[in-house]
Amino acid sequence: MKKIWTVLLLLISIFLFAAEINSILPVYQQNEVIFQIQSSEPFNKADIFVEKSASNAVISVHLKGTELLNTPFFLPIAYGPVDSLRAIGTYQGTLLIFQLLIPVDAKIDISQQTLQVKFPVSEKRIDLVLTSESDFETAVKFLAEEMNLNVVVSDSVKSIKMALKLSGISPEDALRNLLITAKVGDEPIAYSYMPDGTLHIGTRNEISFRFNQFWGIYDVKNEEVVKKLETILSPTTVMTYLPNKAVLFVYGSLFEQDLISKILSVTPPSITKEITISVPKDDVFKLLDSLRNIYNFEYNSIEGLNKIIIKGDSKIVQSVLSYIKELETKFQQISKSTEESTPVVQTKIKQFKVVYPEEATEILSQIGLETVKMPFGVIEVKGSDSQLKIAESILNDFGFFKAEYEHIFIPEKFQESLISILSNIFGIPASRFIKSEDNGIIVFAPEDIRKSARDISDDFVKFLMSRKKSEIFFLNDYEVASQVSDILKQIYGIESNSVQNVLKVVGTDEDLNKARNFIATFVKDRTIRSLEVQLDDDVYSELKTLMESTLDVKFEANLKSLRRILISSYNKEDLNKAAAEIKKITETISSLKIEKDTKLVPALETINFDDIKLLLTKLYEVDVEKTDLFYILSGEKAKIEQAEKFLSQLSGQLSEKPSKVYRITQIPEGFSVQELVEVLNKLTKVEVLTAGQTMVLWADKQSVENAEKILQELIANLPKVSETEKKITVKVIEYSEKVPFEEFTGFLQSIGNTSKLSAYPNLGVVVISGYEEDVQDAINNYKNFQEIVQQKSELAKVETQPVKISKNEDGSIAVKCNEISLREVISEIARELNISMVFIAVPEEKITMNVSSINWKQFTDLIQSQYGYAFLESDNVTVLIKPRSVTDTTTEEKFVYTLPHNLDRIKSLIEFYGGKVYIDELNDLMVVTGLSKKMKDQLDQTILQIAQPLKQIEIEAKLVDRSLIDEITRQNSLSISLPGQAPEITVSSTSLSLSTSVINLFDYQKLFSYLSGASVTAVFELNNSNNLDNLLASPRIVTSSGKEARILIGDRVPYQTIDADGNVIVNFLDTGIELRITPYVRTDGTIELNIFTKVSKPTYYPNIDIPGESTRETETDVILKNGDTLVIGGLMRETKEETSAKMPFLGDLPFIGQLFRSKTEKADKRELLIFITARVIEQ
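In our numbering, the protein residues as written are 6 to 1184.
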């Protein structure tokens, strides 16, 4: 039995995977990047399914029935718009996921065994140079313009300063470099795409606020860490690692991004050490190979040099270096002993008490140490001193000497997964984990590892509880995939999506198991069977209705030319039953097949053909067609003979009594036609012919009218006859959009047809059910309606002539039309002259024109004068409004409104629609005339909205006058010191001082005798000082939305002028700081500000009495959020002031007078900063 199952599984796998992917090769070209997928078998287009994300940033290609042996397969690209390719094997094929930095469309080409997926690359190459003052936002927006990409940059990353130089690079690669380089502090930036393709860039927290999943960027130098992360995170978390840039891109939720950050923070950094060795390389290689059995690191030897490069975690590398140092020490001791005497290597035995003796023995044995396990947790190691020292270091590194443990509480169902994750990240052996009885695990490891494991365990449990996986199912068809997707979402709450016949399910392991069980139980393969029978459309339709309502089968097609029909079912038993039943029915039909015939009968010109057709179809069930001279009758031979006899009798009666007339009357169901005929024969002289429930009355006109009245009275008073046996049938015919369905059903009811009709336009069918006669009658009438509508449509096409318009050389046009809609003529002329038109009123009049030359102005004047329509021009758009109505003042209706606000705006609205308005602002009244009641009702809602009070905005302005004052001062001084008791003389630029005693004060002779021994000191000073001065004014004002607010801080300078009559007029010039702000509150809560700022001072000119004005002005429109502040700067002015000082008399002396003067120059440079804050006042 086991062998049979093995063979079956082998056959199933061969059937499912008839082809294998041999290679996936990226080809980089100047204008595109191509992925060539080679398969062992030719690709089938029907087995390739392409799915795109909403933003087009992720493209998935499903290859059904093609196996990927090396799964999962990851290929970093980082070229053009493509970041990476990830290939994942599914149980039904292969899934290729292309992660794009820039959303572009992929092109799929298939050629035998080669599948090419092509992505366009920008052909443009740019040079991007960013200096230390360049900001991130400017660079990103420049690249976005190059790539026609919409970008939103958050405030926190806009001002990042970047220094970068890129030459001859595509815009896509330049953007990739920017995203990798930019950081906010030490945190890399994140980004994601909106469904409309807009790129959002910001910090991780900012992006997570908008997006459930986004791209995070991490610096990871150790590729082994990336491999560990891939084993931990869910398949729905997309990762792209660029080894050449040591950067990891992760697409996931905020929780997953935080988890990755924690893993990277507790993972020791990867380092590379280059060391020079002084011992033989073979000995070092032997030591390193043995250490690699217990440590995870890599090493390489530099040929020709005694150098080795070691790469791994920082802690492991340091441990390995210490062991190499021990080896070198041992080698030096051996070399020294060799020089002195023959070396004697002493072997010693040392015992160690350890926590895990079995593991300790195995680890030491892997590095070549002879180790024996002893009782009571003791191991015995034999070797030299250096070997024993290495063994002791290794046992200490791995925590064998002290039972250090940590108790972590973990739910039981996650314990195995968490143990696997912690072992993978920290390298802790699985034997170091012990499951406790209180829903936890005990971890035995060194303290630093235990602490890190404890810190991230809770996050891992949350992650495992919410971790989602995805699985692809290839189902039978699109309908099945869509139905299964709806069931999984609505009943089980499992996330699923379908594309064609591919179903993608995303969820936890439990969710995926539920989906697998449901699909395995309820979704079965549909079996299709071909039956060799020949059926006409009517029989096929009836058979289809019968079989599909009683058995679980579906009729796929009626191949009449091949004499076969196709049926299908998920249930083979029902399929076999249906096949047997169809065979019996077709055999019965063929045995009962009645001979049919066709015959020509002379046409009756005096009777309408539709009446003849209706009579013969109802009476004898024959098909009737008409030529110019004959009726063509087709059907059963016996029925044709009866119909021919009926036509002959009718023709004879018409020829004998041409003055008579006939009327066809339909008798409702439930009345006995024979009894009605007997009554008419007794009461009237009308000849009566019957066919089913149809009665033909033949006599003179008056007799026929009398007979019709008698029939109506009889039908109204006689009770209906219940018929015990009436056959019910259902027919399906093709739906026609040309036949008005509601009118047709109404027509059937009016002629007494009781059949029920249901139209299914999307399916293209009409279902008719009821008595067999009524159903057949409804079908015949439906076909007649189709023909009539078709004939009318063709006739309308023939009669309709388009507007003929041609353009003349002088810019005018020639117009020719005949009874064409005025709206169509206006539209065609506007289109010819490239004029944008908007129809407020739609003209219903028709117009006939034959004009050889007319321009637009002449045409609009003509229409306005003849038809009363008005053409209004607004912003290059012409609006056609309703015809001007002539106001009847005698019956003019007045409307009175009580409106508290915005009367002017409401007045403009009403006048636009042709009304007249009188406003009483004192009493808030408005009287409206010239509007119809209908128009007034239409405008009422708009008027009430406009009449609401405008929102109030508080505007706070802070005006800071920042001045930078440069002051330059030059001072000179002279000091003369005389010997002995002589006076001291000091001379400066502003003063002269003389110090002496009173006795010697006027002894000038003695004073001048001292001069020969005097000493002179001259001092020159030059000072330059800068001062920062802040002046602040903070006015506040409240205004309404759309109303201007004005703030003036300054003076009103009066001046006089003379008018034409010689009168003196005093005018005022406003100078200083003026703000004019008009705010508008928008519906999204933002505030639009129209701002005009002016800083001015009066200036005077020679011989002119009127002052001038020196101004600094700015005007701008900005949009702010409620409460935001706008800063306006750069309003600068500069003044210079020079001050001189001197000592009287001495300062005027030539040459030496410079010593007694001072000069001060003051340069005043001012900048006005305006801070404007706008807030909406809630009412």
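Just so it is clear, CB atoms sit at the ideal spot from N, CA and C, and this is done for glycine as well.
Neighbourhood of residue i by C-beta distance below 6 Å, restricted to the same chain and skipping five residues each side
i, result
"L838", "W861"
"R1185", "The first residue shown for the chain is 6 and the last is 1184, placing residue 1185 beyond what the model contains."
"S727", "With a pLDDT of 49 at S727, under the threshold of 50, the predicted position of this residue should be treated as unreliable, and no value is reported."
"I395", "Y328, E331"
"Y33", "Y84"
C-alpha distance - residue i paired with residue j, whole-angstrom precision
i, j, result
"L908", "K899", "17 Å"
"S574", "G94", "31 Å"
"A525", "F478", "11 Å"
"V252", "I447", "35 Å"
"Q795", "K743", "7 Å"
"N27", "V122", "16 Å"
"E1114", "G1077", "10 Å"
"Q43", "S554", "48 Å"
"I222", "I194", "7 Å"
"P416", "V87", "41 Å"
"L180", "P81", "17 Å"
"I715", "Y740", "40 Å"
"S462", "L423", "8 Å"
"F302", "D318", "7 Å"
"L702", "K809", "54 Å"
"G769", "E547", "17 Å"
Chain-order list of residues whose beta-carbon lies under 7 Å from that of residue i (same chain, five-residue window excluded)
i, result
"I720", "P673, F676"
"K604", "L638, I645, E649"
"S817", "S858, I859, N860"
"Y1009", "Here the model assigns Y1009 a pLDDT of 48, short of 50, so the residue's position is not dependable, and the following value carries that caveat. Within the same chain, Y1009 has no close Cβ partners at all."
"K577", "T532"
"V1058", "F1073, L1074, T1076, P1103, P1112"
"S535", "R569, L571"
Identity of the residue in the options nearest residue i by Cα
i, options, result
"K938", "A1065, E748, L556, V901", "V901"
"R668", "T632, N711, A648, Y636", "N711"
"G1047", "R1041, I1078, L955", "L955"
"F749", "E739, L762, V737", "L762"
"A584", "L493, I594, F560, S566", "F560"
"I1042", "Q863, A1179, L1174", "A1179"
"N758", "K623, P766, L480, A520", "K623"
"V627", "D782, T513, P1040", "D782"
"Q679", "L393, L694, F844, D463", "L694"
"K1170", "P1155, D966, V1071", "D966"
"I499", "V485, K474, N506", "K474"
"I793", "Q539, L927, P745, T591", "P745"
"N1095", "E1120, D815, E1079", "E1120"
"V933", "K941, T71, R569", "K941"
"S65", "A92, E72, S175", "A92"
"D5", "I958, Q323, R1057, V1071", "No information on residue 5 is available, as it lies outside the stretch 6 to 1184 that the chain covers here."
"S428", "F414, F406, N401, S457", "S457"
"L1", "P47, I53, D615, K129", "Residue 1 lies beyond the stretch modelled for the chain, which goes from 6 to 1184, so this question has no answer here."
"A62", "P200, M700, D1089, S653", "P200"
8 Å CB neighbourhood of residue i in its chain, flanking five on each side removed
i, result
"S760", "L753, I773, S774, G775, Y776, D779, V780, D782, A783"
* **the region 1081–1092 in contact with the region 935–953 per 3-pair CB rule at 8 Å** => Judged by Cβ distances under 8 Å, the region 1081–1092 makes no contact with the region 935–953, as fewer than three pairs qualify.
* Are there three or more Cβ pairs, one per stretch, closer than 8 Å when the region 278–297 is compared with the region 112–122? -> The region 278–297, when compared against the region 112–122, does not touch it at the 8 Å Cβ threshold.
* Per the contact definition of three or more C-beta pairs closer than 8 Å, is the region 862–870 in contact with the region 910–925? -> no
* To do: Mind listing, in chain order, the continuous beta strand (DSSP E) runs of no fewer than 3 residues lying wholly within the region 778–852?
  => If we require 3 residues or more, the beta strand (DSSP E) runs fully inside the region 778–852 come out as 809–812, 818–826, 841–844.
* Meets three-Cβ-pair contact criterion under 8 Å: the region 181–201 and the region 127–146 -> Contact between the region 181–201 and the region 127–146 is present, because at least three Cβ pairs lie under 8 Å.
* **Every unbroken beta strand (DSSP E) inside the region 182–237 [3 residues or more]** => 195–198, 204–207, 218–224
* Pair every Cβ in the region 101–110 with every Cβ in the region 485–502, then say whether three or more of these pairs are closer than 8 Å. => no
* For the region 162–174 against the region 132–140, are there 3 or more C-beta pairs whose distance is under 8 Å? -> yes
* Segments of 4+ residues assigned as alpha helix (DSSP H) that fall wholly inside the region 882–937 -> 908–917
* Asked: If we count Cβ pairs, one from each stretch, closer than 8 Å, do we get three or more for the region 875–887 versus the region 844–855?
  -> yes
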